[in-house]
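First the structure, in the form of structure tokens, and then the observations on it.
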Amino acid sequence: MDIKRVCVVGGGTMGNGIAHVFALKDFEVTLVEAKKELADKALAVIARNLDRQVAKGAVTAAGRDAALARIKPALSPKEAPGFQFAVEAVSERMELKKSVFRELDAAAAPGAILATNTSSLAVTEIAASVKDPSRVIGMHFMNPVPVMKLVELIRGLQTSDETYQAARELSIALGKTPASAKDFPGFISNRVLMPMINEAIFCLMEGVSTKEDIDAVMKLGMAHPMGPLQLADYIGLDVCLAIMEVLHQGFCDSKYRPCPLLRQMVQAGRLGVKSGSGFYDYPGK
287 MDIKRVCVVG GGTMGNGIAH VFALKDFEVT LVEAKKELAD KALAVIARNL
337 DRQVAKGAVT AAGRDAALAR IKPALSPKEA PGFQFAVEAV SERMELKKSV
387 FRELDAAAAP GAILATNTSS LAVTEIAASV KDPSRVIGMH FMNPVPVMKL
437 VELIRGLQTS DETYQAAREL SIALGKTPAS AKDFPGFISN RVLMPMINEA
487 IFCLMEGVST KEDIDAVMKL GMAHPMGPLQ LADYIGLDVC LAIMEVLHQG
537 FCDSKYRPCP LLRQMVQAGR LGVKSGSGFY DYPGK
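The sequence shown maps to residues 287 to 571 in our numbering.
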């Protein structure tokens with residue numbers, strides 16, 4: 287399948303990063319947001335991130351300008367006629383994702399593939415909202431998208447071999463390394479990562495050690511680039527809690543129960559970097 291036209295729905299952290307990497311690889315991108323000001327904000331973020339790449343020598347000024355010219359803002363998938371591939375990157379709420387997929391299904395060209403960037407929700411359930419579930423796949427990019435090389439590909443119950451192969455080839459064309467997972471809660475990445483973060487929070491809550499020493503053990507002893515508590519702050523504690531709840535509900539296993547301290551931090555509005563404070567403080571963020 288020769289894919290040239292792509293629709294990305296959602297211009298937040300993940301969506302603008304996905305649009306960014308597609309545009310750099312010569313794809314024509316329609317970036318859909320609910321409001322014009324949100325689309326403008328997403329384009330401004332992409333421009334700043336491209337400027338950083340130019341400053342580092344990773345992208346030429348001409349390459350930056352060409353990439354920006356390939357991204358068109360829109361308020362609906364209907365404004366992206368003829369798109370051959372779509373990536374949904376809206377908030378991790380099942381009903382919202384289903385609504386987006388119904389819109390994409392109505393606007394898609396025949397044979398278009400519809401991908402969800404969900405990090406933990408069931409791809410099979412999302413796919414049930416469209417006429418042909420065989421064309422739906424999970425395509426979980428890592429944050430920050432322009433930097434991280436991994437794409438987790440998740441096959442729903444009815445995802446076809448052709449859809450999977452097209453998504454795999456597209457991932458490679460974007461300069462990413464695809465890893466395949468079946469449609470179980472949390473897939474691979476979050477099924478492994480989130481319980482580690484959750485256990486680190488239990489260690490803090492139970493007074494096993496300080497946040498600094500918990501993070502130091504994992505950084506210096508396990509060669510992790512960032513400690514689990516600091517990483518949780520960067521992911522967003524509300525996101526961590528939501529994923530732990532998906533794991534807990536999906537497996538009905540107490541080992542996935544969210545730590546009470548994690549829940550309390552979210553209730554307090556201490557969500558991490560995006561709120562200015564989490565396990566650590568982030569002045570000026």
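Note that CB positions come from ideal geometry on N, CA and C, so glycine has one too.
Tell me whether the beta-carbon of residue i lies closer than 7 Å to the beta-carbon of residue j.
i, j, result
"I423", "T404", "no"
"Q444", "S420", "yes"
"V315", "V295", "no"
"V307", "L460", "yes"
"C545", "I483", "no"
"T410", "L436", "no"
"A452", "L439", "no"
"M434", "M425", "no"
"M551", "L517", "no"
"V431", "I529", "no"
Taking DSSP as the reference, what is the three-state secondary structure of residue i?
i, result
"K497", "helix"
"I458", "helix"
"V315", "strand"
"L361", "coil"
"I304", "helix"
"L439", "strand"
"Q451", "helix"
"S540", "helix"
For the beta strand (DSSP E) that contains residue i, what are its first and last residues?
i, result
"S466", "463-468"
Could you say which of the options lies nearest to residue i if we only look at CA atoms?
i, options, result
"D418", "F387, M434, G493", "F387"
"E378", "Q451, E531, L547, L548", "E531"
"L547", "N429, T299, L515", "L515"
"C272", "F565, A398, D351, A366", "What is shown of the chain runs 287 to 571, which leaves residue 272 out entirely."
"G368", "A395, G297, N302", "A395"
Opposite residue i in the DSSP bridges: which residues?
i, result
"D567", "S563"
"A401", "V373, I423"
"C293", "T316, A372"
"G558", "S563"
Could you give the residue range of the alpha helix (DSSP H) that holds residue i?
i, result
"E323", "322-342"
"V386", "380-393"
"E485", "475-491"
"V433", "Unbroken run through V433: none, as it is neither H nor E."
"I551", "It should be pointed out that residue 551 corresponds to Met in this sequence rather than to Ile. Element bounds for M551: 546-553."
"C526", "523-537"
"R350", "347-355"
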